[in-house]
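Trainee: Okay, handing you the structure first.
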Amino acid sequence: MIDRIMETLQGMLSDPSLSVRVSASAAMDRLRARKSHTAYLERLRVGTLEERVRIVFAAEEIGGREGLSILLAALSDGEAEVRGAAVRALESSPTPQVLKALVEQLTRENGVVLGNLLEALGKSSRKELAPILERYLDHPDFEVRGKAIVAYARVAEGEGWKHVLRYSGAESETVRAAAARALGEWSADR
Numbered sequence: 000m001i002d003r004i005m006e007t008l009q010g011m012l013s014d015p016s017l018s019v020r021v022s023a024s025a026a027m028d029r030l031r032a033r034k035s036h037t038a039y040l041e042r043l044r045v046g047t048l049e050e051r052v053r054i055v056f057a058a059e060e061i062g063g064r065e066g067l068s069i070l071l072a073a074l075s076d077g078e079a080e081v082r083g084a085a086v087r088a089l090e091s092s093p094t095p096q097v098l099k100a101l102v103e104q105l106t107r108e109n110g111v112v113l114g115n116l117l118e119a120l121g122k123s124s125r126k127e128l129a130p131i132l133e134r135y136l137d138h139p140d141f142e143v144r145g146k147a148i149v150a151y152a153r154v155a156e157g158e159g160w161k162h163v164l165r166y167s168g169a170e171s172e173t174v175r176a177a178a179a180r181a182l183g184e185w186s187a188d189r
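In numbering that gives the first Met the number 0, the protein residues as written are 0 to 189.
Written as C-alpha cells, this is what we have:
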C-alpha cells in the first residue's frame, strides 16, 4: 500500500494547483521520515544536543505512531532541553499512553521541565489528574508552583477551586499572577 500511496503523491507533485503540490510534498516528506523511524531513534541516542532537539521537532511533524514513539523515547534523554521539548510536543496528544508517560516523568524532573509537564497535564483537561496536580501546588520553586496552579485550575471541580483561591494572597508575585490566570479558567460548568 505504501508504494501505491507514494506513487499517487508523486503524481500529485505535478498538479496545476500550488496548494496540492505543497501538500503532496509535505506528505511525502512525512512518509519518508516515518520509514526512517529507527534511524531517528538511533540518532536520538547518539546525536549531539542540537541534533536530538531537532529530532524532537521532526518527530512532532512526523506524527503517527512513529513520531509518538520518538517523542516518548526523548523523555528519557539525559538533557533537560531535549526532555522539555518532548513534553511540549507531546502536550498536543493527550492520549492515555502519553498522559501515563508524563505522569511517570513528574517525580524525575524539576525546574522548567517539571513546569512543562504540569502545563501539559493541565491542558489535557482530564479531571482524574486533579489529585496528581494538587501535590505540586505547594512546590518550593515559585515558577513550578505557578504552573501547577494554572494546570490544577484547568482540571479542578467544585471544592477544588478553594485551592486556587488561597494563592491569590501569596507572598510571591509569580504565584499571585499564576493564581489570577488560574481564576480566569473558572467555568460554571465545573
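The C-beta atom is built at its ideal place from N, Cα and C for all residues, glycine as well.
Since the structure is predicted, the reported quantities are computational estimates derived from the model, not experimental observations.
#1: So, with DSSP's three-state summary, where would you put residue 134?
#2: Just verifying my parser: in three-state terms, what is the DSSP assignment at residue 185?
#3: Do the CB positions of residue 84 and residue 73 come within less than 9 Å of each other?
#4: Output the distance between the C-alpha atoms of residue 140 and residue 111, rounded to the nearest integer angstrom.
#5: Select from 60, 114, 61 the residue whose C-alpha is nearest the C-alpha of residue 80.
#6: Quick check on the burial criterion: 16 or more other C-beta atoms within 10 angstroms. Buried or exposed for residue 25?
#7: Please state the DSSP three-state secondary structure of residue 0.
#8: Assuming the contact rule is C-beta atoms closer than 8 Å, residue 51 and residue 90 should be a hit. Round their C-beta distance to whole Å, please.
#9: Leaving out the 5 sequence neighbours to the left and right, which residues in its chain are closer than 6 Å to residue 48 when beta-carbon positions are compared?
#10: Compute the distance between the beta-carbons of residue 145 and residue 132, then report whether it is under 9 Å.
#11: Could you tell me the alpha carbon to alpha carbon distance between residue 45 and residue 27, rounded to whole angstroms?
#12: Any idea if residue 31 is buried or exposed, counting beta-carbon neighbours within 10 angstroms, 16 or more meaning buried?
#13: In three-state terms, what does DSSP make of residue 152?
#14: Judging by CA-CA distance, which residue of 164, 154, 21, 63 is the nearest neighbour of residue 34?
#15: At what residue ranges does the region 56-133 contain a whole run of the alpha helix (DSSP H), taking only runs of 4 or more?
#16: Helix, strand or coil, according to DSSP, for residue 12 in the structure here?
#17: For residue 38, count the other beta carbons within 10 Å of its own beta carbon; 16 or more makes it buried, fewer makes it exposed. Which is it?
#18: On the criterion of 16 or more Cβ atoms from any shown chain inside 10 Å, does residue 58 qualify as buried, or is it exposed?
#19: Straight-line CA distance for residue 10 to residue 61?
Mentor: Looking at the atomic coordinates:
#1: As a position in the sequence shown, residue 134 is number 135, starting the count at 1. DSSP places residue 134 in coil when its eight states are reduced to three.
#2: As a position in the sequence shown, residue 185 is number 186, starting the count at 1. Residue 185: coil per DSSP, three-state reduction.
#3: Residue mapping note: residue 84 aligns to position 85 of the sequence shown, counting from 1. Residue mapping note: residue 73 aligns to position 74 of the sequence shown, counting from 1. Yes.
#4: The residue given as residue 140 occupies position 141 in the sequence shown. The residue given as residue 111 occupies position 112 in the sequence shown. It is roughly 10 Å from the alpha-carbon of residue 140 to the alpha-carbon of residue 111.
#5: As a working mapping, residue 80 is identified with position 81 in the sequence shown. Checking every option, the nearest Cα to that of residue 80 belongs to 114.
#6: Residue mapping note: residue 25 aligns to position 26 of the sequence shown, counting from 1. Counting Cβ neighbours within 10 Å, residue 25 comes out exposed, since fewer than 16 surround it.
#7: Taking the first residue of the sequence shown as position 1, residue 0 is located at position 1. Three-state result, residue 0: coil.
#8: For this step, residue 51 is matched to residue 52 along the sequence shown. For this step, residue 90 is matched to residue 91 along the sequence shown. Not confirmed; about 19 Å, so no contact.
#9: Taking the first residue of the sequence shown as position 1, residue 48 is located at position 49. Apart from the 5 residues on each side of it in sequence, residue 48 sits with its Cβ closer than 6 Å to the Cβ of 78 in its chain, given in chain order.
#10: Along the sequence shown, one-based indexing puts residue 145 at 146. Along the sequence shown, one-based indexing puts residue 132 at 133. Taking 9 Å as the cut-off, the beta carbon of residue 145 is found no closer than this to the beta carbon of residue 132.
#11: Reading the sequence shown from its first residue, position 46 is the one you call residue 45. Reading the sequence shown from its first residue, position 28 is the one you call residue 27. A straight line joining the alpha-carbon of residue 45 with that of residue 27 spans about 26 Å.
#12: On the sequence shown, position 32 is the one that residue 31 refers to. Exposed.
#13: Along the sequence shown, one-based indexing puts residue 152 at 153. Helix at residue 152.
#14: The sequence position of residue 34 within the sequence shown is 35, counting from 1. When only C-alpha atoms are compared, the closest one is 63.
#15: Fully enclosed alpha helix (DSSP H) runs of no fewer than 4 residues occupy 63-73, 79-89, 95-104, 110-122, 129-133 of the region 56-133, in order along the chain.
#16: As a position in the sequence shown, residue 12 is number 13, starting the count at 1. Three-state result, residue 12: coil.
#17: Reading the sequence shown from its first residue, position 39 is the one you call residue 38. Label assigned to residue 38: exposed.
#18: Position 59 of the sequence shown holds residue 58. Counting of Cβ neighbours within 10 angstroms places residue 58 among the buried residues, the total reaching 16 or more.
#19: Stepping through the sequence shown from its first residue, residue 10 is reached at position 11. Stepping through the sequence shown from its first residue, residue 61 is reached at position 62. So the alpha carbons of these two residues sit roughly 21 Å apart.
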